[in-house]
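Chemist: Quick one: the structure is below, and I'll ask about it shortly.
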Amino acid sequence: MTQFATQLIIFGKRNVEDPDGVFGEVEQSGFASIEAGNIVTAYGGSEARRLVEQYNLTLSGLHDGCNGYDDPEQLASAIEFAKAYGVKNFLNSGIFGDNSVESYKASAKKFNEFGKQTADEGITFHYHNHDFEFADLGDGVTGMDILINETDPALVKLNLDVFWLYYAEQDIAGYIRAHSDRTGYFHFKDGRIIRDEEGKKRPEFLELGQGDVDLKTAYATALEVGADWIVAEQDNTKRAPLESLTISHDYLATLAGDAIGE
C-alpha cells in the first residue's frame, strides 16, 4: 500500500527554531507521516522522540547529506532512532567532491558501504537525485549513469524526485519504469522552469498541482512500479507553510481517490 508523507524542508529555519510549531502544523495539514533530516542530531534523541510521539506522526524516512552518513557517530545514532521508531528508509542528497567522473565513482563506492551498513540493520539506503547529476560529463555519460552502474542495486535504491527529473528534461514515467527495480520511495514536487532574458533557467517551487510537472502520470507510474512512499516536498513557499502543506495534502488525496475510482 502506498503511503503519503511530507518533507519538513518547507519550514526552513523554523525546523530548528520552532519544532513544536512545525510538528503541530504538519499534524493540522492532514499528513500523518514526515520525512525529516537527522532529527536525532538536530534535537537530541529524547527531544526527537517527544516530538514524534506528542504529535502522533510516523516517519517515512530520515534524510541527510553524504557527510552525515560518513560520520560513524551520527550514523549510529540515526540507526538507533530508526530502529526504535520503525523507520525503514535513509535518504542521501549529494556526492563527495565535485561534479566529476572521479567524484561520482568515489561516491558510488561510499554509497555501497553505507547501504551495506544500513541493510544490516533492516534499513534501506536511497540516493535522492537533483538535476545536476544529469549533466553530460563527457561521451554522453552522466553522474546519474555512474551512480546507477557502480552501486549495488541490492544496497543502494533511488529516491526519485519527479520535479528534478522534469527540470533535467528527463521523461519522468520512462525513467521510473527504466529503474523500477530500484524505486519505491518518491519525492513529489511541483513547480515551473523560469528563464531570464538570456535563457538561463531557475526553478520556482509550488504546491502540488499548481505547477507544470505531470504529477498525474508520475503518480500512475509510481503505483505501477509498486511505490511504498510518496513524499510531498516543496523547497520553499510564498504562502504560509501550513497552507502549502494542506494544498499538497489535498491534491495527493485527490490523486489517490482518482486512482481507485472514487
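Numbering (my numbering), first residue to last: -1 to 260.
Don't be surprised by glycine CBs; every beta carbon is placed ideally from N, CA and C.
Quick one, are the C-beta atoms of F184 and L250 less than 9 Å apart?
Modeler: no
Chemist: Looking only at its chain, what residues have a beta carbon closer than 6 Å to the beta carbon of I37, apart from the 5 residues adjacent to it on each side?
Modeler: A46
Chemist: Whose CA, out of Q168, R175, G84 and D62, lies closest to the CA of H124?
Modeler: D62
Chemist: Assuming L156 is part of the beta strand (DSSP E), what are its boundary residues?
Modeler: V154 to D159
Chemist: Specify, as a first and last residue, the run of the beta strand (DSSP E) that I191 falls within.
Modeler: D188 to R193
Chemist: Can you pull the DSSP bridge partners for D143?
Modeler: Answer is none; D143 lacks a bridge partner.
Chemist: Span of the alpha helix (DSSP H) holding D62?
Modeler: Looking at the DSSP string, D62 is not in any alpha helix (DSSP H); the run it does join, the beta strand (DSSP E), is T56 to G63.
Chemist: Quick one: what's got a C-beta closer than 6 Å to S91's C-beta in the same chain, skipping five residues either side?
Modeler: G63 and H126
Chemist: If you compare alpha carbons, which of N234, Y217 and K103 is closest to I228?
Modeler: Y217
Chemist: Considering I37, what are the terminal residues of the alpha helix (DSSP H) in which it resides?
Modeler: I37 to Y41
Chemist: Relative to the alpha-carbon of F2, which residue among G10, N13, D233 and A30 has its alpha-carbon at the smallest distance?
Modeler: Nearest C-alpha to F2: A30.
Chemist: Quick one: grab the DSSP three-state call for D96.
Modeler: coil
Chemist: How about E202 and G189: are their beta carbons less than 9 Å apart?
Modeler: yes
Chemist: Can you grab the Cα-Cα spacing for the pair D18 / Y83, in whole Å?
Modeler: 19 Å
Chemist: Bridge partners of D68, per DSSP?
Modeler: The beta-bridge partner set that DSSP reports for D68 is empty.
Chemist: In this structure, how does DSSP classify N234 when only helix, strand and coil are distinguished?
Modeler: In the structure shown, N234 sits in coil (DSSP, three-state: anything other than H, G, I, E or B).
Chemist: Could you tell me whether the region 132 to 148 touches the region 73 to 83, using the rule of 3 or more Cβ pairs below 8 Å?
Modeler: no
Chemist: Mapping the DSSP letters down to three states, classify L261 as helix, strand or coil.
Modeler: Residue 261 is absent from the model: the chain starts at -1 and stops at 260.
Chemist: From E51 to V99, what distance separates their C-alpha atoms?
Modeler: Note on geometry: alpha-carbon atoms of E51 and V99 lie some 44 Å from one another.
Chemist: Which residue comes first and which comes last in the beta strand (DSSP E) that contains N90?
Modeler: N87 to S91
Chemist: Does the distance from the C-beta atom of L213 to that of L253 stay below 9 Å?
Modeler: yes
Chemist: Less than 8 Å between the CB atoms is what I'm expecting for A166 and F132, so what's the real figure, rounded?
Modeler: 4 Å
Chemist: Which residue comes first and which comes last in the beta strand (DSSP E) that contains Y53?
Modeler: Where Y53 is concerned, there is no enclosing beta strand (DSSP E), given that its DSSP letter is neither H nor E.
Chemist: Secondary structure at A29, three-state DSSP: helix, strand or coil?
Modeler: According to the sequence provided, residue 29 is Phe. The question's Ala does not apply to it. Residue state, collapsed to three classes: coil.
Chemist: From L89 to G138, what distance separates their C-alpha atoms?
Modeler: 27 Å
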